[in-house]
Amino acid sequence: MTPADLSRTVLRAVRRAVEQGELSAGVPERIVVERPRPGGRGDYATNAALQLAGAAKRPPREIAQMLADELTREPGITQVEITGPGFLNITLGSDQSQDQSLVREIRASGTRYGHAPGPTGQIVQLHFRRDLRAAVWCDALRRILLSQGALVRNTCEQELPAEWTA
Numbered sequence: 001m002t003p004a005d006l007s008r009t010v011l012r013a014v015r016r017a018v019e020q021g022e023l024s025a026g027v028p029e030r031i032v033v034e035r036p037r038p039g040g041r042g043d044y045a046t047n048a049a050l051q052l053a054g055a056a057k058r059p060p061r062e063i064a065q066m067l068a069d070e071l072t073r074e075p076g077i078t079q080v081e082i083t084g085p086g087f088l089n090i091t092l093g094s095d096q097s098q099d100q101s102l103v104r105e106i107r108a109s110g111t112r113y114g115h116a117p118g119p120t121g122q123i124v125q126l127h128f129r130r131d132l133r134a135a136v137w138c139d140a141l142r143r144i145l146l147s148q149g150a151l152v153r154n155t156c157e158q159e160l161p162a163e164w165t166a
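1 is the number of the first residue of the sequence shown in full-length UniProt numbering; add one for each residue after it.
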């Protein structure tokens with residue numbers, strides 16, 4: 001689970017608590033999840049309960065306990081500890097079944113793994129100005145699009161020097 005995934009998971013837990021009427025606060029747009037400071041516990045930490053306490057007019061530790069109960073039900077989270085005034089320290093499990101399914105997917109896809117089912121057969125016109133950086137950028141984009149099955153046509157404002165195309 002990435003920090004972004006974990007942030008969304010905590011946000012979903014807050015949203016569920018609000019929808020179930022356990023928490024009377026607005027749902028924030030995002031929740032910050034970061035590595036704990038040296039000596040801290042868990043894999044990640046968040047101060048979400050402290051952020052919500054003011055709007056909910058409840059003690060941060062009470063909100064932290066509510067969120068901890070929600071988060072421990074999530075797959076991939078093995079433990080949630082409450083420290084200090086209401087910090088949540090989250091420990092992730094090593095979910096080997098997810099790792100194994102990813103490996104199976106990669107092996108089944110072979111060399112096509114990571115390729116989008118995108119613009120197969122679509123013609124893409126790339127136009128760039130005459131400078132080396134634009135030419136390199138355009139060539140890289142052309143190669144990516146070609147690998148995805150697109151038909152690519154490059155044009156430049158002026159003729160390119162021969163040493164750029166060699």
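Virtual Cβ for every residue (Gly too), placed ideally from N, Cα, C.
In angstroms, rounded to a whole number, what distance separates the CA positions of residue i and residue j?
i	j	result
H127	H115	24 Å
V152	R15	45 Å
G149	E19	45 Å
R104	T111	13 Å
L6	G21	23 Å
V33	L88	10 Å
R35	T78	16 Å
Three-state secondary structure (DSSP) at residue i?
i	result
R41	coil
E70	helix
Q125	strand
R58	coil
Q65	helix
A135	helix
Q100	helix
T9	helix
Please look up how many angstroms separate the CB atoms of residue i and residue j, rounded, as I've assumed it's under 8 Å.
i	j	result
G9	E74	Reading off the sequence shown, one finds Thr at residue 9, where the question assumed Gly. Rounded, the Cβ-Cβ distance is 5 Å, consistent with contact.
I31	A48	5 Å
T155	Q125	7 Å
residue 168	M66	Residue coverage of the chain in this structure runs from 1 to 166, which leaves residue 168 outside it and unanswerable.
Among all the DSSP beta bridges, which residues are the ones paired with residue i?
i	result
I90	Y44, V80
E34	A45
T155	H127
Tell me, please, whether the CB atom of residue i is closer than 8 Å to any CB atom in chain B?
i	result
P3	No chain B is part of this structure, which consists of one protein chain only.
Using a threshold of 8 Å, state whether the C-beta atoms of residue i and residue j are closer than that.
i	j	result
I82	A64	yes
L50	P28	no
L71	V80	yes
A55	A25	yes
R133	E157	no
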